[in-house]
Structure formats: C-alpha cells, structure tokens
C-alpha cells in the first residue's frame with residue numbers, strides 16, 4: 250500500500266505530494282524546486298541544505314552540517330527521509346535561480362561585446378529558409394499534382410535539390426493551396442544536396458523566419474534569438490541549468506541518469522529550461538513561437554545525450570564511447586522543445602566524449618583550423634577544454650574545473666551580467682571595485698573572482714596555497730569558515746569570498762593550467778611556441794589577462810598573444826544556423842580532431858599538483 | 250440533448266448504440282457491419298436493403314423496394330431513420346464478405362498461375378534489407394561512437410551510401426549493441442543513394458525479413474506475403490474492400506470523403522481491411538508481424554489518397570488534380586498499418602488522377618514500355634484503364650466499368666476462387682459448367698459471366714440488347730425481375746443471372762470496349778495495328794478470349810495477339826518490393842505517360858452508345 254504525504258515548501262507555499270520514504274531532495278525536484286546539489290544527491294557535497302520547520306523525518310548523520318546549523322534545524326535534503334507531512338524552508342543561496350531578469354544585455358555583459366561576424370568569412374545561407382511561391386493554378390493543360398506543382402516552382406525559384414516532404418505536410422497541402430489562392434510559403438531545411446519541406450503556410454510569411462541558437466553548458470544555458478532572413482542576433486538570454494540539482498559535474502549527472510527515471514528527469518529539466526529561455530526571448534522580441542523554425546544546439550556530449558535522451562552511461566565508462574558524434578536533424582517536438590510544431594532541431598557534431606559540439610564551435614569561431622601558426626584554444630567552463638593546433642592538425646583534451654568561474658559553487662557567485670563585480674583593486678583594507686553597468690553590486694562573476702584572487706595574493710592576505718594569512722580586518726569568521734568581505738550588496742547582505750571559494754578557485758585554475766601544460770608537453774610543444782592563445786567562456790567583457798596569468802590560470806606569454814572570444818559555443822550555434830560553410834566545416838573538424846585522455850596521461854597528476862599554488866610551482 | 254438508441258443487428262445479435270435520427274446505414278457502419286451500397290448512401294442504387302424486425306423508424310418512399318419486399322418489412326437502410334430502439338436483420342446477399350477462407354490458392358484460381366518472374370529481367374535488390382553485423386567492441390585505440398561504428402561496418406559490408414538514422418533507433422542503439430555483444434542486425438530501407446536505418450535488433454535476425462505487397466482495388470484488396478531474402482511469394486490473399494459500404498465507384502467514395510469524418514472513416518476501413526489480410530497471411534505462414542519490415546501499395550489514385558488520408562476532393566473536380574503523383578516513404582504506423590513498429594510503407598507512383606500506381610505496375614509487368622511494336626494494355630477492374638504505346642510513347646485513359654467483372658454488383662457474383670463457375674456451355678435448356686477446383690458451385694466469377702453472356706446470346710436466350718427473349722424454362726420471374734437459373738449452389742439456393750446482372754455486364758463491357766476504341770481513334774491507330782494486347786484483372790486462369798471478343802468486351806483481333814496477365818497491380822507491388830530496377834522504372838514511366846480524358850473526348854459518348862449491344866454495332 251502506498252502512502253502519500255504533503256511536503257510544504259516555504260517561502261513558495263508550494264504543496265508537493267510525496268510518497269512515504271522519499272528523500273527530501275527528490276521531493277523538492279518532484280515539485281520542480283531545484284536546489285544546488287553538486288554531487289547529485291549522494292551526501293558528499295553538503296550543499297543541498299534545507300531548514301525543516303515542522304513534521305516527522307529521519308536524517309543521516311553527516312559532517313556537512315555545523316552545530317549552529319543543527320540548532321537552526323538545517324539538514325541535508327538528500328540525506329533526509331520524509332516520514333509524515335512536512336514543512337520546509339528553502340535557504341535562498343541554495344536555490345538555482347529561475348531566470349535572469351528580462352532586459353537587453355548591454356555593454357560589458359556577457360555576449361554583448363564579442364560577436365563573431367560570420368559574414369566576413371562565410372556565405373549567408375541559413376539552415377532553414379522560407380520561400381514564398383505564387384503558383385499558377387492548375388488547368389487541363391497544366392495538370393501537375395499539387396506536390397509536383399510546388400516542386401516545379403521550388404526548382405525554378407530556389408534550386409535543383411532533391412526535395413522531400415512528410416505525410417502531415419502532404420495532407421495539408423491541397424487545402425492550403427486552394428484557400429490561399431495558390432500563394433504559399435514553404436519552409437525548407439537544407440542539408441547537403443537534400444531539402445526537406447518542413448512546413449507549408451498560406452500567403453507570404455517569408456519575412457518571419459527565426460532561429461534559436463542554444464549553448465547547453467553543464468552549469469549555464471544560453472540562447473539567442475536569430476533573424477534567419479538577415480542573420481541579426483536579436484537578443485541573448487542566459488540562465489542556470491537546473492540539472493545542477495542532479496550534480497555539479499557531468500559525471501554526477503550521468504550517474505543520476507542511470508537511476509530509474511533518472512535520464513527522463515534530466516532530459517525533462519533541460520528541455521524545460523530551454524523552453525523557458527525560448528519563451529522569454531520570443532515574448533521580449535514579440536515574435537510568435539510559430540515563426541521560430543529552427544533550433545541549433547551546441548553543447549558538450551553529456552548535455553547533448555541528456556537532451557536527446559540518449560543513454561549517457563558509456564560516456565563515463567572506459568573506453569568512453571558516445572552514442573554518436575554526428576546527430577540526425579530531428580523534429581524539435583521529438584525532444585519537447587516548443588517552437589513551431591514543424592520546427593527542426595540540429596546539433597553541432599562533437600569529436601569526443603568530453604569534447605563536444607561546443608568545442609567544434611570554438612575551433613571554427615576562433616579560426617585556429619585555418620591558421621598557419623600554432624594556436625591554442627581554451628574554453629573555460631565547468632569543464633575546461635583545450636585545443637592545440639593549426640590548419641595541419643588539431644589535438645584536444647578536457648579537464649574538470651568545476652563551475653566557479655561561471656559564478657556557481659561559490660558563495661556570492663553570479664553570471665557576468667548587470668551588478669556583477671568584475672574589477673577589483675585591494676589596497677590593504679581598502680577596496681575599489683567596478684560592477685558591470687556600474688550599478689549596485691549583487692555578486693561576483695568569474696572575471697571578478699580572478700581579480701580578487703590576484704589582489705588577495707598580491708596584498709599578502711592569502712599565501713601561495715590560497716590560505717588566509719593576515720589579520721586584515723575584512724576577514725571575518727562565519728561558522729568556523731574564514732570569509733573576506735568585499736562590500737555590502739544591494740540587498741544589504743555582505744558580499745564575500747570564503748576560504749572554500751578560494752580553494753575551489755585554485756582547484757579550478759589548476760585543472761585548466763595543468764591540462765594546458767600536459768597537452769603541450771605531450772605534444773613536445775613549449776608555451777612560447779603558441780603564437781595565438783584564444784580564450785572562451787562566460788566571462789564579461791573584462792577578462793584581465795594579466796591577472797589571470799598572475800594567479801596561474803593562464804601561462805606567462807606576451808599579453809598580445811591572448812584573445813578573449815566570449816561564449817564561442819553560443820556563437821557557433823548562431824553560425825550553424827546562418828551559414829552552410831559552418832555546417833560543412835563542423836563535420837570536417839571532428840574528423841580532423843584527435844584526443845588526449847588526461848586521465849590516462851602519465852604526467853597529468855604531477856602537473857595538476859604543481860598548479861595548486863599561486864601562480865604554480867615546481868615542488 | 251442527445252438521445253441514444255440501441256440498434257440490434259441479427260443474425261450477429263450485435264447491439265450498436267446510435268444517436269436518435271441516425272440513418273440505418275450509418276448505424277450499421279458505426280457497428281462495423283458493412284453492407285453493399287453502390288451509391289454510398291444516396292438512395293440511388295437501392296442495394297442497401299435491410300429487414301426491420303422491431304422498433305420505430307421513418308423511411309422515405311423509394312421505387313427501389315418492391316411490394317413484396319415491403320410486405321416482408323424490407324427497406325433501404327440509407328433512407329431509413331432510427332427513431333427508437335430497433336432490431337434489424339441483415340439480408341445475406343447485401344453483406345460484404347468478411348474474408349476469404351484461409352487456404353492456399355491453387356491452380357486455376359486468381360494469382361496462382363500467372364506470376365511475373367522479375368528475375369528474368371531485373372536484379373534482385375529488395376527495398377528493405379537486413380544486414381547482420383559483427384562489430385569489434387570499442388577500445389581506447391578504436392574509440393568510434395556507437396553509431397559511427399555501425400556506419401563504418403555498413404560501409405564496408407553493405408555499400409557506401411549516405412546512411413540515416415532516426416532518434417528512436419539512436420536511443421536504443423547503445424543498449425542493443427552491448428546486450429548482444431556487438432552482434433546486431435540492421436534493417437535498411439534503400440532509396441536512390443540514401444539508406445535509412447529503420448531498425449536495430451540484437452543478434453542475427455537477417456533470415457527473417459518479409460514484405461507485404463498490396464493491390465488496393467476499388468472493389469477488392471489483394472495482398473501477398475513476400476520473403477525479402479529470396480523473392481519468393483509465400484502466399485496471396487484477397488478480400489473485398491469494405492469501403493464498398495460507402496459507394497461502388499471512386500466518385501461516390503470521394504463524395505463520401507467530403508462529409509464530416511468521411512475521409513477518416515474511409516481511411517480507417519481500408520487500413521483495417523489491409524491489417525486483416527496481413528494478419529491472416531502472417532498467421533498462415535507462421536511469420537511474426539515484427540519480421541514484416543515493408544509494405545508496398547499499388548492502387549488507383551483515389552485508393553491511395555484514402556489510405557494516406559489525403560484530401561481526394563480535387564481528384565473529382567476539374568481539372569482533376571491529385572495531391573501528389575510520387576509519395577514519400579513513410580512509417581507504416583503513420584497510417585495505422587500494423588507490421589513491425591519500425592516498418593516502412595511505400596506507394597507505387599501514379600501518372601494521373603484516374604491512372605495510378607496500379608497501371609504503372611501494369612505497364613512495367615506487361616513490358617509494353619520496352620516493346621518495339623505497338624501494344625495495348627487493359628486492366629479490367631471497377632475502372633477499366635487502357636494504355637497504348639511502346640518504347641517510344643505511352644498514352645492512357647480510364648473508364649468506369651463498375652465492379653461486376655470482379656464478382657460484385659451482380660446477384661451471384663464472387664471472386665475467381667474455389668467454387669466459382671468459370672466455364673459455361675449452354676445447349677438450349679441444358680447447361681454444362683466447370684467450377685474452379687471442380688468443387689460444388691458457390692457463385693459466378695468474372696470469366697464465368699463472360700461465358701454465360703456469350704452462351705445466352707448464342708442460344709438466342711437474350712437479344713442484342715441483352716434482354717431475355719425466349720421461353721427457355723430456366724428463366725424464372727422473381728419480384729418482376731427475370732432471372733436465368735444456372736444451377737443450384739452448394740447451399741441449395743439457385744445460382745442465377747438476372748436481367749439486372751446482364752444490363753450491368755453489358756454496360757461494363759461497353760465502357761471498356763468504347764474506351765479502347767476511343768483512345769485508338771484519337772491516336773489514329775487501327776485495331777489491327779495493335780500487335781500485342783495485354784489483359785489484366787482479377788479473373789481466374791480461364792479467361793476465354795474468344796468469348797470475350799464475341800460479347801464485345803475485346804476487339805476482334807487474332808487470338809494469338811492477346812495475353813492474359815492476371816493481377817498486374819499486385820505483381821507490380823511484389824516487384825517494387827524486390828527490385829530497384831522496378832522502383833526506378835516506375836518513376837520514369839509516370840513522366841513518360843500522357844493522358845486522354847474520355848469525359849472531354851468528343852467521340853467517347855458515341856462509342857459508348859455503340860458498344861451497348863452484343864457484340865456492338867454502328868447504329
């Protein structure tokens with residue numbers, strides 16, 4: 250016999266029916282309340298803290314809850330079993346933000362300033378086109394069938410492709426043709442020498458053809474609304490990937506996917522996150538979802554597997570095999586993405602289990618595949634992926650960095666948008682900082698953390714190991730954890746960097762730096778041989794390269810060799826929408842790319858340990 | 250407020266809930282009881298007679314019911330409105346037979362003796378193949394993705410096609426591969442230079458690959474089960490098309506389709522009829538539906554439109570435009586045909602609204618498209634289609650003949666199977682006849698009717714107009730209608746030919762003969778110029794050409810110029826399944842074919858009127 254209890258969640262006053270014996274984290278997820286859980290509910294990360302107000306429950310002992318927290322009735326949701334109707338309160342810092350506020354991105358924010366102008370390099374040829382046709386009505390002399398009549402006109406007006414149509418479109422064809430007096434708009438999705446008729450509309454709707462480019466990151470998801478008639482990026486939005494409730498990193502997500510219904514849940518959460526972004530973009534730009542014909546996805550292999558509901562299990566098991574590298578174009582409705590009902594979804598192909606379409610994008614956007622001289626591309630996200638090469642060869646590797654440069658997994662972290670502290674200067678106990686948009690500070694973005702780490706070290710406030718060493722008055726003690734106070738936020742709460750934050754940041758920068766040094770050593774290349782060093786990632790406009798070098802995130806090369814490209818994964822998805830050249834090159838790139846598995850590299854661990862210092866050292 | 254009544258139908262004792270005011274014919278159809286209604290429920294044909302046992306109803310006056318019938322409480326179902334719970338009894342001769350009994354067809358029956366041996370002309374290359382692959386399991390060195398691993402092996406073992414896969418198959422790929430230790434069977438549907446992966450199965454199932462060839466006629470539907478590994482036709486079955494409840498001819502069906510839910514009903518009835526045939530074939534041959542990978546449909550354009558649920562309306566309105574001539578390959582499940590869930594359905598392309606894939610089949614099977622000398626092909630069905638031409642040109646036309654040569658619309662008509670009277674010799678009042686299989690007689694098939702008509706005329710029992718003229722004792726009078734008694738049937742009931750049957754047969758033979766003479770006159774060709782005269786249709790093995798000439802169905806040419814080919818539409822569907830050559834040629838044929846619209850011909854009506862005599866005359 251099943252028994253159900255009611256889980257009441259404050260401050261939302263949401264009531265969720267849960268089965269007896271459910272753990273609290275699963276109960277919250279069931280009610281679509283997503284709180285951080287870096288380990289995916291295994292009781293390891295200690296982040297899914299919840300305050301229990303009322304009700305009967307059992308909870309496992311854990312070192313992750315302080316005495317003070319216990320006194321406040323704070324417990325780990327994943328370790329707590331519901332035994333009766335229960336009321337809980339969500340702790341604000343654990344909640345995965347629902348949505349970024351709606352307003353246009355401005356100078357200094359992510360995505361704004363760096364926009365890859367594909368038209369300089371490639372032809373404009375969108376993945377999906379709308380063709381307006383004015384057909385002659387049939388006569389006894391011109392008695393072609395409806396479909397052959399459309400094809401004749403398409404061959405004349407559009408091109409001599411091998412056209413295809415599906416049954417639903419064939420079914421609506423005769424009535425649409427006659428009700429619109431033989432004036433119709435055909436939506437066509439091109440791939441190679443084939444052309445798929447995806448929709449037929451009465452009249453001339455050819456002016457309304459929009460696409461969505463999506464970068465699915467492990468921690469954040471970004472989407473752009475693109476006008477497919479002129480290539481203009483109308484708006485970009487970004488939100489956190491709610492899959493973070495199932496684990497911070499891809500391995501935790503894959504393990505969660507292996508549970509009963511786990512894959513289904515992860516799939517659902519990511520499609521709903523994308524749907525929210527699309528709905529927001531379409532509302533803000535006053536564009537009907539029906540006029541959005543195409544979605545292009547750029548993401549790492551795990552994210553793509555979860556989106557398509559492909560078993561990701563063998564991505565984490567030796568010898569690490571994805572289900573596919575190149576994915577078929579599908580109907581967006583097949584994975585629950587809500588655009589036009591006849592919309593198409595395409596995925597940028599990926600080379601390796603840990604180097605997906607996001608990196609294919611980065612290789613093309615950075616242009617390293619065409620360069621004569623030796624280049625390095627690094628995409629700093631939850632995973633740091635590195636590509637070394639030029640027009641002759643391309644070698645890649647991947648390292649797990651964690652989400653802190655993306656503003657997640659650190660106490661006052663946030664995305665690089667309005668209100669994020671991005672520049673910092675510390676002079677003993679005095680602090681000067683700048684926020685994006687020069688507004689009141691809300692939190693700290695990735696580039697801000699790099700500057701803070703650098704300033705703390707230069708001022709002797711932390712040592713080479715990143716440990717707080719000074720009696721600087723800005724250092725406070727909270728529940729036995731040292732925190733350095735930057736300022737007071739817009740809500741009156743302190744904005745701080747904690748000892749745990751610093752440890753995370755050092756591990757993250759160390760993972761990336763050591764991956765770079767390992768791949769170069771493996772290839773017998775010296776740092777100095779790298780003539781162009783491209784950096785991608787969700788930083789704001791202001792990534793201080795010098796400070797990034799000084800903390801040991803980037804190698805010590807002449808400053809002019811570095812170029813910061815912004816979110817190349819998203820730019821790649823935009824380009825894939827807009828140019829056939831990009832689509833062709835992407836399939837060539839993945840054939841050309843080779844992979845070094847750091848976990849099987851004899852030198853990676855040594856390099857990593859050397860990099861866990863500021864900047865890094867031979868010990 | 251809606252009111253429902255119960256319609257009880259004997260002898261099935263079936264109870265059907267019907268809304269107040271429903272006509273009786275619609276009520277029966279709702280309960281899946283299909284009775285003949287040549288006009289599709291318009292009160293014209295007078296065939297949907299039903300005996301009312303009990304209950305309140307209103308019925309419109311009609312000249313189609315005799316006084317005697319009225320006394321027996323027999324009414325037209327389509328003209329009778331249900332006003333209360335009602336009980337009716339079905340009159341056996343109105344019921345559309347459920348199914349032909351299950352037993353192998355034998356010599357003399359339809360389909361048996363004439364089998365087009367495609368292997369003499371074409372290469373064996375089935376539309377769908379199953380390829381067994383033994384894949385190397387992945388290693389760190391050989392780390393291709395699952396899908397690319399399959400493709401590599403297919404390219405090596407099967408051919409360098411552009412392979413495609415859909416999302417459902419991609420989703421099952423990783424588990425099937427690993428659970429079957431990398432031994433899998435891939436089902437591939439080939440078209441042109443593309444190859445669609447339609448299914449993935451564990452282990453070696455390549456020996457089990459079957460196809461279904463279907464001829465959808467207006468009156469009958471025939472289907473063959475084909476072994477796609479060797480091209481063997483395992484079994485053929487045939488049944489009446491239950492759409493006959495919605496009208497005898499295609500125009501009535503189209504008009505019915507224009508009613509609310511009309512298209513849905515016609516679509517449903519035809520798919521269910523096909524599903525029954527498939528189920529029967531698979532049971533008899535002990536083959537799992539899951540091993541049937543492909544269905545090929547050959548039929549006239551209206552039948553194809555109804556099957557695919559395409560609006561057929563514009564086929565009957567000037568200038569007579571089909572939705573398409575060439576149809577996309579679809580999933581059979583999309584139209585409700587139950588074979589393997591991943592099964593494919595293909596349609597043989599058709600040239601013109603009244604000359605469909607059935608005639609494309611006839612042109613190829615007869616081989617006239619390759620002939621040097623002038624040929625004529627006629628397919629005698631509910632429509633009679635005629636093609637004249639050779640390797641240089643192909644001209645076609647179509648005439649509505651009615652279903653009597655298929656054993657429908659005539660009192661004791663039946664298909665050319667066991668028990669059908671197929672040969673008749675009349676000597677005054679003595680009759681000699683032969684049935685197919687030399688069994689007790691059950692009814693009369695098309696070739697039997699041709700012989701009877703011939704013998705009645707030669708014996709002076711009917712005159713040139715087909716009117717009973719003699720005092721032959723075999724002529725009896727039933728409800729004011731003269732009938733000629735052939736014999737007593739297996740059930741003790743008389744087997745007869747009625748005056749109405751004779752009128753029908755003369756109109757049918759006249760429609761076909763005059764279509765032949767009109768197309769030839771239009772092209773300026775004399776009968777004698779036709780060097781080969783091919784006849785197709787659902788006759789048994791014994792079509793007596795001389796007698797067909799003598800009644801004026803066929804022109805008076807030397808007997809050796811005629812060749813009877815059997816059901817070329819079904820043979821075409823079988824060939825389409827089995828050889829790429831046929832598939833390619835079918836698309837070429839429809840481009841080459843031109844059409845003469847008899848309804849717009851200035852001489853057709855005159856030719857038709859001349860042909861309404863035995864054999865025919867200039868008047």
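Chains as they are written, first to last, in the working numbering: chain A, 250 to 868; chain U, 250 to 868.
Glycine included, each C-beta is placed from N, C-alpha and C at the ideal position.
This one's a predicted model, so the numbers in the text were calculated from it and none came from an experiment.
Using a C-beta to C-beta distance shorter than 9 Å, which residues of chain A count as neighbours of residue i?
i: residue 547 of chain U; result: Within chain A, no residue comes near residue 547 of chain U; the closest Cβ sits about 18 Å away, beyond 9 Å.
i: residue 420 of chain U; result: 557, 558, 559, 560, 572
i: residue 634 of chain U; result: Here the premise fails: no neighbours, minimum Cβ distance about 17 Å.
Please compile the residues from chain U whose C-beta is within a distance smaller than 8 Å of the C-beta of residue i.
i: residue 568 of chain A; result: 387, 388, 389, 392
i: residue 563 of chain A; result: 395, 423, 427
If we count the other Cβ atoms within 10 Å of its Cβ and call it buried at 16 or more, is residue i buried or exposed?
i: residue 563 of chain U; result: buried
i: residue 703 of chain A; result: buried
i: residue 426 of chain U; result: buried
i: residue 430 of chain U; result: exposed
i: residue 554 of chain A; result: buried
i: residue 741 of chain A; result: exposed
i: residue 516 of chain U; result: buried
i: residue 259 of chain A; result: exposed
i: residue 854 of chain U; result: exposed
Residue i: which of the options sits nearest, CA to CA?
i: residue 304 of chain A; options: A:317, A:269, A:761, A:446; result: A:269
i: residue 588 of chain U; options: U:711, U:541, U:300; result: U:541
i: residue 580 of chain A; options: A:464, A:258, A:591, A:698; result: A:591
i: residue 815 of chain U; options: U:327, U:803, U:783, U:832; result: U:783
i: residue 622 of chain U; options: U:780, U:393, U:301, U:824; result: U:780
i: residue 478 of chain A; options: A:380, A:617, A:584, A:662; result: A:380
i: residue 739 of chain U; options: U:538, U:825, U:692; result: U:692
i: residue 808 of chain A; options: A:571, A:777, A:822; result: A:777
i: residue 416 of chain A; options: U:835, U:583, U:775; result: U:583
i: residue 648 of chain A; options: A:657, A:632, A:311, A:663; result: A:632
i: residue 720 of chain A; options: A:705, A:713, A:714; result: A:705
i: residue 753 of chain U; options: U:708, U:838, U:657, U:666; result: U:657
i: residue 286 of chain A; options: A:664, A:398, A:297, A:277; result: A:297
Keeping to the same chain, check which residues put their C-beta closer than 7 Å to that of residue i; ignore five residues upstream and five downstream.
i: residue 860 of chain A; result: 759, 762, 763, 801
i: residue 700 of chain A; result: 672, 673, 793, 796
i: residue 289 of chain A; result: 495, 496, 501, 502, 504, 505
i: residue 722 of chain U; result: 678
i: residue 453 of chain A; result: 381, 432, 434
Does any C-beta atom of chain A lie closer than 8 Å to the C-beta of residue i?
i: residue 423 of chain U; result: yes
i: residue 577 of chain U; result: yes
i: residue 445 of chain U; result: no
i: residue 583 of chain U; result: yes
With 8 Å set as the bound, which would you pick, yes or no: does the beta-carbon of residue i sit closer than that to a beta-carbon of chain U?
i: residue 415 of chain A; result: yes
i: residue 829 of chain A; result: no
i: residue 265 of chain A; result: no
List the residues of chain U that residue i touches, going by C-beta distances under 9 Å, in chain order.
i: residue 451 of chain A; result: Result: empty, since nearest Cβ-Cβ is about 15 Å, beyond 9 Å.
Ignore the nearest five residues each way along the sequence and tell me which others in residue i's own chain have a CB closer than 6 Å to its CB.
i: residue 732 of chain U; result: 725, 745, 747
i: residue 750 of chain U; result: 659, 660
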